[in-house]
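Residue numbers (our numbering): 4 to 214.
In what follows, a structure is listed as structure tokens, so that the remarks can point back to it.
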Amino acid sequence: MRTKYAIPFFAGKIGHLEKQWIQTEFILVLGFIIVPSSSVLVMPTAKGEKDHFNLPINKKSVFAGYARITLFIAAIVCFFYGKNQVDPIYPREGIIWLSVAFALGALYYYFRVYFGKVTPEEITERSKLGKAIGMYILPQWIYEDKLYELAKDAGYTYKEKFGSNWREDIAEQSIPKEKIPLLYALSLFDYMIHPTDEMGNHLNRVDAMYN
């Protein structure tokens, strides 16, 4: 909520995959205190807009946000201070500050471009749910109350798409390839909500079949 003393803004963009990414909403309080409020998965919509799915605070995104803001400001301050200190007779102090500004700028570039890039392992795991429900997300990023919503929606989608009960289908000896993504998502959500040995075995089996 934007007020006179608290201004929200997004920063800490990381984990870009299939036009989706994670970022954190920060609150600028009293003009100088920056506090993380919540993290979100940003997803494009068919209308060209962006939809947000709420996540638990993502520590890597928060760190990226703080690092980029701090390094950017520090690099600018050091650059202009060093520029003003460069003297034709005694240039040493100015050159030192300009060197510091360059180093901080290089660090900022690293945190802006390379920090928080997805690993091959993360791509694999996020793509499993992404192909099933359209959200390229890791299971541990999902709030418990959201699990029920996602499980319910995935169940409706499965019933509408295949016209059968997913709990019966997942117990079949042979599972058609086109059913595997949704069965993976449904068994994963079910296991996270009610972890039983039976559903754990189904999840492991479908996971092993996932290409």
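Even glycine gets a Cβ: it sits at the ideal position worked out from N, Cα and C.
Here the structure is a predicted model, which means the values were calculated and not measured.
Own chain partners of residue i with C-beta closer than 6 Å, once the 5 adjacent residues on each side are dropped
i: G51; result: none
i: G97; result: G85, Q88 and V89
i: Y159; result: none
i: F82; result: A104
i: F13; result: Q26 and E28
i: H205; result: I173 and S190
Outcome for residue i when other beta-carbon atoms lying within 10 angstroms are tallied against a minimum of 16
i: S102; result: exposed
i: G137; result: exposed
i: G3; result: Any property of residue 3 remains undetermined from this structure, which presents the chain solely from 4 to 214.
i: R129; result: buried
i: G85; result: buried
i: D54; result: exposed
i: M212; result: exposed
i: S177; result: exposed
i: K131; result: buried
i: A106; result: exposed
i: N61; result: buried
i: Y8; result: exposed
i: Y161; result: buried
i: A49; result: exposed
i: A154; result: buried
i: A70; result: buried
i: A104; result: buried
Sequence-distant residues of the same chain with beta carbon closer than 7 Å to residue i, five excluded per side
i: V38; result: F29, I30 and V32
i: F165; result: K182
i: K63; result: I17 and G119
i: A67; result: G15, I17, F114, F118 and G119
i: P123; result: none
i: D210; result: Y187
Cβ distance (whole Å) where residue i is taken to contact residue j below 8 Å
i: P184; j: K134; result: 5 Å
i: I140; j: L44; result: 6 Å
i: G15; j: Q26; result: 5 Å
i: L20; j: V121; result: 5 Å
i: A78; j: G34; result: Not really, about 21 Å apart at Cβ, beyond 8 Å.
i: P11; j: S40; result: 7 Å
Residue-level contact to chain B via CB, residue i, 8 Å cutoff
i: G51; result: Here chain B cannot be found, since the structure has a single protein chain.
Beta-carbon contacts of residue i that lie in its chain and below 8 Å, excluding the five residues immediately before and after
i: Y243; result: This structure gives no information on residue 243, because the portion of the chain shown stretches from 4 to 214.
i: A157; result: A135, I136, L185, A188, L189 and F192
i: M202; result: S190, D193 and Y194
i: I99; result: G85
| Can we say the region 151-170 touches the region 181-191, given the rule of at least three CB pairs closer than 8 Å? | They touch, by the three-pair rule.
| request: Decide if the region 112-119 is in contact with the region 68-84; the criterion is three or more beta carbon pairs, one per stretch, under 8 Å apart. | output: Taking 8 Å as the limit for Cβ pairs, the verdict is that the region 68-84 does touch the region 112-119.
| request: Would you list, in sequence order, the uninterrupted beta strand (DSSP E) runs of no fewer than 3 residues that lie entirely inside the region 6-46? | output: Listed in chain order, the complete beta strand (DSSP E) runs (minimum 3 residues) inside the region 6-46 are 9-20 and 23-32.
| request: Tell me the start and end of each unbroken beta strand (DSSP E) in the region 40-91 that is at least 3 residues and wholly inside, in chain order. | output: 53-58, all fully within the region 40-91.
| message | Ignoring anything shorter than 4 residues, give me the alpha helix (DSSP H) runs that lie fully in the region 171-213, in order along the chain. | response | If we require 4 residues or more, the alpha helix (DSSP H) runs fully inside the region 171-213 come out as 183-196 and 200-212.
| Going along the chain, which unbroken runs of the beta strand (DSSP E) with 3 or more residues stay wholly within the region 121-171? | Segments of the beta strand (DSSP E) lying fully in the region 121-171: there are none.
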